[in-house]
Amino acid sequence: GFSCPRRPCQRTCLRVPCRTNCGCCSSNCLPRTGGLAPALSHTTRFKLDGRGAIMYVHREEVFSQKSHCCWQVEEPWHGSVETELDLALQALVRHCSVAEHRHRLVHAGLLPLLQRLLLEHPDDVRLHSLAAQALANLSLEPDLHQVLFRSGWVGILARWLRNPETLLSFPASRALANMDTDSSWPMGYGDGVYLLHPEYRSSPVEPLADVVLVHGLLGSVFKTWRQHDSQACEGNDTVEPPLVAVRGGEHRVTADRVRAGTVHPRYTTSWPKSWLSEDLPRMRILALDYDTYLSQWGLHCPLEPDRRTLESRAAEMLSKLHQAGVGDRPIIWISHSMGGLLVKQMLCQAMERNEAVARQTAGMVFYAVPHRGASLTDLSASLQLLLLPSVELQELRKDSPKLLEMHRKFELLVDRLKIPCLSFGECVQTVLGLRMGKVLVPKESADPGLGDFFLVNTSHLEICKFHQWSSLSYQLLLDFIEHSLASLGRTDSQANPANVCELGVEHCLMLDLC
């Protein structure tokens with residue numbers, strides 16, 4: 038019953054059920070995709086029925102007993118309305134990321150269509166988030182700002198900005214920042230680049246530095262950087278995992294655990310936005326988002342696998358970061374899992390081109406980054422056949438020559454630019470499907486051999502999800518950022534309270550956080 042995902046998927050990914058008279062269901066609504074990337078062309082294929090309505094078509098390969106050949110047979114796609122809307126909006130978000138398509142989509146009636154969508158699905162956060170992402174991409178065009186103002190979208194975006202759901206507040210912040218033409222440091226935040234802080238332009242003073250977060254495999258800007266889930270329930274007394282200092286120097290760690298309950302009493306779905314922004318108010322905090330997959334079975338579109346390699350992703354991210362002004366001031370990188378490999382690849386590419394992004398790097402923080410490959414790829418042959426590892430997973434093979442060569446270049450970069458590094462490794466198995474459990478990134482791979490390295494008694498997915506503001510691993514992060522910037526002569530006077538204690542790290546020291 039499965040069709041192999043290695044073949045180009047033949048299902049179209051666009052249907053916009055519309056009961057308005059905006060003309061969005063006409064055959065010429067979406068821009069022609071000739072000459073565009075194959076994946077985008079694939080996403081926007083559709084077929085019109087006799088009434089002019091856009092329909093899904095699914096093409097199945099059927100074996101003919103007469104000809105002994107496989108023929109493609111078109112069948113209607115029987116999906117729920119919510120699924121169809123979700124796929125349609127994903128296609129529109131992709132089109133809105135193409136500069137040549139934005140004006141035509143607006144002229145075709147996209148804005149009233151999105152407003153009708155909100156009215157007919159008032160409680161669907163996922164659909165609203167996709168609409169916000171489309172608007173954020175449209176906001177990259179200065180000529181469309183007045184249209185967005187006149188159509189009432191600024192008020193809706195402002196309301197979403199105050200919403201506790203990061204699915205809404207993050208893209209709303211990106212859209213409003215792009216429309217802030219009066220800012221003293223105007224930037225363009227492209228698709229997948231989210232501004233977490235500052236949300237409001239309260240001062241013309243430029244930030245001291247940029248903090249850039251990059252998630253890993255199966256991660257997302259909306260979920261990777263949240264507080265530990267055990268803290269979501271009131272009265273939870275879950276003991277925090279102990280932390281082992283394997284290699285380190287002198288650390289100044291805030292000793293203020295008793296105040297934690299009053300400083301940040303509520304559970305946060307984004308500690309960079311809720312905690313870092315208050316502890317380091319003079320920093321600009323950005324987070325990158327991108328799609329990743331463990332298996333090709335889960336791909337929305339299997340075309341263009343070369344675009345999912347580390348090299349191509351890093352080049353694309355660098356371009357978007359340049360547009361956002363990253364490289365104009367010192368940078369602190371915070372990464373989890375494969376995100377750390379992307380950051381290293383970006384810095385190696387930037388160094389080869391003598392770009393400011395590499396020279397401005399002031400610190401690197403790695404959470405369970407597989408510098409020498411990951412154990413998840415070391416599966417049995419039968420399991421690999423079932424999983425059909427994705428491009429991303431294939432690149433993470435243990436002791437991959439490509440990863441080892443990239444790490445060699447990164448070591449030279451760190452030595453040349455004297456970049457401080459702080460790394461954390463996992464000790465607890467991550468439960469996978471089929472009742473499997475593995476330490477995905479073992480100590481030997483998580484330790485880059487550079488800077489300070491700590492082992493945390495937690496799993497791969499939870500290592501960057503702090504239990505509390507007072508967690509020692511979070512305080513180590515705060516201290517690292519402050520010291521990294523202090524070495525450049527830049528400090529944030531409001532960062533880290535005065536109540537601190539010295540933590541000397543020698544050999545292996547168990548630090549119990551409970």
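Numbering of the sequence shown is given in my numbering, commencing with residue 38 and proceeding in unit increments.
Where is the CB? At the ideal position from N, CA and C, for every residue including glycine.
Just so we're clear, the structure is a prediction, and the values are computed from it rather than from any experiment.
**OP:** Starting from residue 323, trace the beta strand (DSSP E) both ways and give me its first and last residue.
**Re:** Counting from 1 along the sequence shown, the entry for residue 323 is found at position 286. Boundaries of the beta strand (DSSP E) around residue 323: 320-325.
Original post:
Among 253, 480 and 158, which has the Cα closest to the Cα of residue 118?
Top reply: The residue given as residue 118 occupies position 81 in the sequence shown. With distances taken between CA atoms, residue 118 lies nearest to 158 out of 253, 480 and 158.
Original post:
Where does residue 400 sit, in a helix, a strand or coil, going by DSSP?
Top reply: Your numbering for residue 400 matches position 363 in the sequence shown. It is a strand residue.
Original post:
What residues are listed by DSSP as bridge partners for residue 501?
Top reply: As a working mapping, residue 501 is identified with position 464 in the sequence shown. DSSP links residue 501 through a beta bridge to no other residue.
Original post:
Should the region 344-359 be regarded as contacting the region 403-411, the criterion being three or more beta carbon pairs within less than 8 Å?
Top reply: The region 344-359 makes no contact with the region 403-411; the number of CB pairs closer than 8 Å stays below 3.
**OP:** For residue 488, collect the residues of the same chain with a Cβ closer than 7 Å to its Cβ; drop the 5 residues on either side in sequence, then sort them by chain order.
**Re:** Stepping through the sequence shown from its first residue, residue 488 is reached at position 451. Beyond the five residues adjoining it in sequence on each side, residue 488 comes within less than 7 Å, by CB distance, of 457, 458, 459 and 460 in the same chain, given in chain order.
Subject >> Beta-carbon proximity check, residue 153 vs residue 244, cutoff 8 Å >> reply: Locating residue 153 in the sequence shown gives position 116, counting from the first residue. Locating residue 244 in the sequence shown gives position 207, counting from the first residue. Going by C-beta atoms, residue 153 is not nearer than 8 Å to residue 244.
Original post:
How about residue 234 and residue 314: do their beta carbons lie closer than 8 Å?
Top reply: What you label residue 234 is simply residue 197 of the sequence shown in a count that begins at 1. What you label residue 314 is simply residue 277 of the sequence shown in a count that begins at 1. Going by beta carbons, residue 234 and residue 314 fall inside the 8 Å limit.
**OP:** Leaving out five residues on either side along the sequence, give the residues of the same chain with a beta carbon under 7 Å from the beta carbon of residue 229.
**Re:** Locating residue 229 in the sequence shown gives position 192, counting from the first residue. Answer for residue 229: 325, 326, 327 and 357, listed in chain order.
**OP:** Give me the Cβ distance between residue 398 and residue 454, rounded to the nearest whole Å; I'm assuming they're in contact under 8 Å.
**Re:** Working through the sequence shown from its first residue, we reach residue 398 at position 361. Working through the sequence shown from its first residue, we reach residue 454 at position 417. Sure, about 7 Å apart at Cβ, within 8 Å.
Original post:
Helix, strand or coil for residue 293 per DSSP?
Top reply: By 1-based counting over the sequence shown, the position of residue 293 is 256. The predicted position of residue 293 is uncertain, since its pLDDT is 44 and thus under 50; a value taken from the coordinates is nonetheless stated next. DSSP places residue 293 in coil when its eight states are reduced to three.
**OP:** Please name the residue in 361, 519, 498 and 516 whose C-alpha comes closest to that of residue 10.
**Re:** Outside the shown range of the chain, which is 38 to 551, sits residue 10, and nothing can be said about it.
Subject >> DSSP state of residue 467 mapped onto helix, strand, coil >> reply: Indexing the sequence shown from 1 puts residue 467 at position 430. Three-state DSSP puts residue 467 in a strand.
Original post:
Using CA coordinates, which residue listed in 257, 256, 237 and 232 is at the minimum distance from residue 247?
Top reply: On the sequence shown, position 210 is the one that residue 247 refers to. From the listed residues 257, 256, 237 and 232, the smallest Cα separation to residue 247 is found for 232.
Subject >> Three-state class that DSSP yields for residue 518 in the structure shown >> reply: Residue numbering aside, residue 518 sits at position 481 when the sequence shown is read from its first letter. For residue 518, the secondary structure class from DSSP, reduced to helix, strand or coil, is helix.
Subject >> Nearest to residue 226 (by Cα), restricted to the options 513, 522 and 176 >> reply: In the sequence shown, counting from the first residue as 1, residue 226 sits at position 189. The option with the nearest alpha carbon to residue 226 is 176.
Subject >> Start-to-end residues for the alpha helix (DSSP H) that takes in residue 368 >> reply: Locating residue 368 in the sequence shown gives position 331, counting from the first residue. No alpha helix (DSSP H) holds residue 368; the beta strand (DSSP E) holding it covers 368-373.
Subject >> Cutoff 6 Å; reference residue 380; Cβ partners in own chain excluding five residues on either side >> reply: On the sequence shown, residue 380 is found 343 positions in, with the first residue counted as 1. Excluding sequence neighbours, residue 380 sits near 251, 370 and 372.
Original post:
Across which residues does DSSP place residue 475 in a beta bridge pair?
Top reply: On the sequence shown, position 438 is the one that residue 475 refers to. The partner list for residue 475 (beta bridge, DSSP) reads 467.
Original post:
Is the beta carbon of residue 394 sitting closer than 8 Å to the one on residue 401?
Top reply: To locate residue 394, count along the sequence shown from 1; it is residue 357. To locate residue 401, count along the sequence shown from 1; it is residue 364. Going by C-beta atoms, residue 394 is not nearer than 8 Å to residue 401.
**OP:** Pick out whichever of 133, 507 and 215 has its Cα sitting closest to the Cα of residue 360.
**Re:** Start at 1 with the first residue of the sequence shown, and residue 360 comes out as number 323. Residue 215 is the option with its Cα nearest to residue 360.
Original post:
With 16 other CB atoms within 10 Å as the buried threshold, where does residue 305 fall?
Top reply: Taking the sequence shown and counting its residues from 1, one reaches residue 305 at position 268. By the 10 Å Cβ count, residue 305 comes out buried.
Subject >> Residue interval of the beta strand (DSSP E) (run including residue 232) >> reply: Counting from one through the sequence shown, the residue named residue 232 turns up at place 195. That run of the beta strand (DSSP E) goes 230-234.
Subject >> Environment of residue 186 [buried if 16+ CB atoms lie within 10 Å] >> reply: Taking the sequence shown and counting its residues from 1, one reaches residue 186 at position 149. Around the beta carbon of residue 186, a 10 Å sphere encloses fewer than 16 other beta carbons of the protein chains shown; the residue is thus reported as exposed.
**OP:** Report, in whole angstroms, the separation of the C-beta atoms of residue 411 and residue 323, which I expect to be a contact under 8 Å.
**Re:** Here the question's residue 411 lines up with position 374 in the sequence shown. Here the question's residue 323 lines up with position 286 in the sequence shown. Residue 411 to residue 323, Cβ: 26 Å. No contact.
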